[in-house]
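Chemist: Residue numbering for the sequence shown follows numbering that gives the first Met the number 0, beginning at 0 and increasing consecutively. The structure that follows is given in the form of structure tokens.
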Amino acid sequence: MKNNYLKLSLICMSVIMVSCKENKETTDKKEGESATVTNVEKRLENRVLTKEDQDKLTPDGVLADFKAGNERFRNNNNTVRDYKEQIRKSAVGQFPKAFVLGCVDSRAPIEDIFDQGIGDVFVGRVAGNFADENMLGSMEFACKVAGAKLIMVMAHQHCGAIKATIDNVDLGNITSLVDNIKPAIGLSASFLGEKNSKNEEYVKIVAENNVRNTIKNIRENSPILKEMEDKGEIKIVGAFYTLTKGELIFVE
Ligand SMILES: [Zn+2]
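Shown next, in the form of structure tokens:
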């Protein structure tokens with residue numbers, strides 16, 4: 000009996016000691032966390048674009064801003080944002096800088112790549128980043144109605160949609176999807192190497208020609224955007240994003 004009592008006491012003491020240790024660790028951690036938060040708060044971006052901000056933007060200025068944002072992204076130095084504040088401030092209206100048309104690829108997240116926050120950028124994403132009439136309507140809304148100054152069509156390295164187009168994939172709705180990209184195959188006819196989806200160089204050429212073809216479609220099928228571009232109100236640019244380095248190669 001006495002022995003059991005001793006055992007119980009020892010167990011209780013152990014529990015108390017472990018509990019004290021845990022409390023100490025929690026306190027230490029909290030102190031550490033609050034120190035980190037203080038550091039972060041100094042860099043927090045809590046502003047969102049206003050109409051006045053947007054009115055001051057130029058297409059070239061927005062492009063320079065995107066290039067600088069991509070450089071921060073590649074240097075692991077993206078802006079730390081106070082999303083709670085940005086949500087609150089942006090809820091009343093949006094005045095974005097640009098429209099980016101990208102692929103759905105999970106490795107090419109548009110806002111991150113350009114270090115942009117809530118309210119900064121319209122994003123259209125479809126496998127193979129082509130512009131059908133719905134995408135054109137979205138771009139027209141972004142630029143003509145909501146004031147965006149730049150349209151960027153962005154392809155990316157190792158694109159599955161481009162490979163599927165090269166391979167002439169016939170599967171469900173993918174069949175009609177790749178039809179939108181097929182003109183880029185014709186535009187790549189002069190490529191001298193092996194024309195298959197395993198040849199990275201060829202896949203890149205087709206992806207770049209798909210960007211050129213998409214930009215041509217925008218100009219031909221959207222008189223609104225063409226006129227805005229001709230007047231210098233917007234700029235339309237093409238880019239190829241590398242998955243290996245996170246950098247942009249501009250497509251002329
Ligand atoms: Zn893709």
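The C-beta atom is built at its ideal place from N, Cα and C for all residues, glycine as well.
1. Should the segment 181-199 be regarded as contacting the segment 85-103, the criterion being three or more beta carbon pairs within less than 8 Å?
2. Given a threshold of 16 other Cβ atoms within 10 Å of its Cβ, counted over all protein chains shown, does residue 206 qualify as buried or as exposed?
3. Cβ-heavy atom distance between residue 183 and ligand 1 below 7 Å?
4. Assess contact between the segment 85-92 and the segment 46-56, defined as three or more Cβ pairs (one per stretch) separated by less than 8 Å. Is contact present?
5. In terms of DSSP beta bridges, what is residue 249 paired with?
6. Decide yes or no for the touch test of the segment 109-123 against the segment 167-187: beta carbon pairs closer than 8 Å, at least 3 of them.
7. Can you tell which of 61, 71, 245 and 72 has the C-alpha that lies nearest to the C-alpha of residue 150?
8. Would you mind sorting residue 71 into buried or exposed? The rule is 16 or more other CB atoms within 10 Å of its CB.
9. So for residue 44, helix, strand or coil by DSSP?
10. Is it the case that the Cβ atoms of residue 154 and residue 210 are separated by a distance below 8 Å?
11. Would you mind listing the beta strand (DSSP E) stretches within the segment 69-130 that are 3+ residues and don't spill past its ends, in chain order?
12. Does the beta carbon of residue 162 come closer than 8 Å to any beta carbon on chain B?
13. Hey, residue 65 and residue 97 are a contact pair by Cβ (cut 8 Å); roughly how many whole angstroms apart?
14. Give a single yes or no on whether residue 142 has its beta carbon closer than 7 Å to a heavy atom of ligand 1.
15. When burial is assigned at 16 or more other CB atoms within 10 Å of the CB, is residue 221 buried or exposed?
16. Rank 156, 115, 139 and 126 by C-alpha distance to the C-alpha of residue 226 and give the top, closest one.
17. Between residue 238 and ligand 1, is there a pair consisting of the residue's CB and a ligand heavy atom that are separated by less than 7 Å?
18. Can you tell which of 223, 125 and 137 has the C-alpha that lies nearest to the C-alpha of residue 177?
19. Please write down, chain order preserved, every residue whose beta carbon lies under 5 Å from a heavy atom of ligand 1.
20. Using a Cβ-Cβ cut-off of 7 Å (strictly less than) and excluding sequence neighbours within five positions of residue 163, which residues of its own chain qualify?
21. What residues match up with residue 152 in a beta bridge as DSSP calls it?
22. Look at the alpha carbon of residue 63 and the alpha carbon of residue 99, and state the distance between them as a whole number of angstroms.
23. Does DSSP put residue 179 in a helix, a strand or coil?
Modeler: Let me lay it out:
1. no
2. buried
3. no
4. yes
5. 238
6. Between the segment 109-123 and the segment 167-187 there are fewer than three C-beta pairs closer than 8 Å, too few to call the two in contact.
7. The option with the nearest alpha carbon to residue 150 is 61.
8. exposed
9. If DSSP states are grouped into helix, strand and coil, residue 44 belongs with the strands.
10. yes
11. 97-101 and 120-124
12. Considering every chain present, this structure includes no chain B. It has just one protein chain.
13. 7 Å
14. no
15. buried
16. 139
17. Not one heavy atom of ligand 1 is found less than 7 Å from the C-beta of residue 238.
18. 125
19. 102, 104, 158 and 160
20. 173 and 177
21. Partner(s): 100 and 237.
22. 14 Å
23. coil
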